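First comes the structure, then the notes that go with it.
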Amino acid sequence: MLRGVSAISLDAKGRVALPKRYREELDTLCDGVFVCTIDHQLPCLLLYPLPEWERIEAKLARLSSLNPAERRLQRLLLGHAFECEMDGQGRILIAPTLRDYAGLDSKAMLVGQLNKFELWNNEKWQQQIDNDIQLQADSAEALSDRLNALSL
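The sequence shown begins at 1 in full-length UniProt numbering and counts up by one.
Shown next, in the form of structure tokens:
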């Protein structure tokens with residue numbers, strides 16, 4: 001299960017080293033093979049272990065290429081999808097076009113989201129968290145039924 005936030009670095013070649021705490025699980029889960037694509041709603045990247053990506057890909061394949069909104073989503077997610085493999089040191093190479101999209105530089109944040117990671121520019125991540133906290137405080141009375149039923 002992929003959870004937690006980790007501050008990570010990108011090297012000069014655009015590689016990120018996944019934290020050691022995930023490596024064994026990821027090696028078992030996907031043999032170190034991932035698919036990285038853009039998040040179509042936020043300025044970050046999504047890093048899926050290959051079996052998880054294949055489930056997403058199957059869902060995308062069922063969308064209609066004749067429906068403009070569905071075709072747009074296919075184009076964004078599939079068109080930016082880049083397969084990457086973890087090397088012996090736990091590093092994966094992030095494609096230059098993906099690094100540009102997310103504004104990644106030497107410092108980044110890797111955010112576990114159960115079945116995938118989000119990969120954020122450090123400053124954009126902090127802005128997003130600040131925004132999320134403010135929105136959560138402002139909209140506490142307008143919770144969905146699922147959030148109202150969630151007991152933490």
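Note that the Cβ used here is the ideal one computed from N, Cα and C, for glycine as well.
As the structure is a computational prediction, the values presented were derived from the model and not from experiment.
Three-state secondary structure (DSSP) of residue i
i: Ala-81; result: coil
i: Lys-20; result: helix
i: Gln-74; result: helix
i: Leu-135; result: helix
i: Ile-92; result: strand
i: Arg-15; result: strand
i: Gln-127; result: helix
i: Arg-99; result: helix
i: Pro-43; result: coil
i: Asp-145; result: helix
i: Asp-27; result: helix
i: Arg-55; result: helix
i: Leu-60; result: helix
Distance between beta carbons of residue j and residue i, contact taken as under 8 Å
i: Met-86; j: Gly-32; result: 3 Å
i: Phe-82; j: Ala-95; result: 4 Å
i: Thr-28; j: Leu-77; result: Actually they do not touch by this definition, with Cβ atoms about 26 Å apart.
Close Cβ partners of residue i (< 7 Å) along its chain, the five nearest in sequence each way excluded
i: Met-1; result: Leu-114
i: Trp-53; result: Val-35
i: Ser-106; result: Ser-9 and Leu-10
i: Ser-64; result: Glu-70
Counterpart residues of residue i in DSSP-defined beta bridges
i: Asn-121; result: Ala-108
i: Tyr-48; result: Val-35
i: Gln-113; result: Arg-3
i: Ile-8; result: Ala-108
Same chain, Cβ closer than 8 Å to residue i, neighbours up to 5 away in sequence not counted
i: Leu-119; result: Val-16, Cys-36, Cys-44, Leu-45, Leu-46, Leu-47, Ile-94, Ala-102, Leu-104, Ala-108, Met-109, Leu-110 and Val-111
i: Pro-51; result: Leu-29 and Cys-30
i: Ala-69; result: none
i: Asp-39; result: Leu-45, Leu-46 and Glu-118
Contact set for residue i: own chain, Cβ-Cβ below 6 Å, skip 5 residues either direction
i: Pro-19; result: Ser-6
Neighbour flag for residue i against chain D, beta carbons, 9 Å
i: Gly-79; result: Of the protein chains in the structure, only one exists, and it is not chain D.
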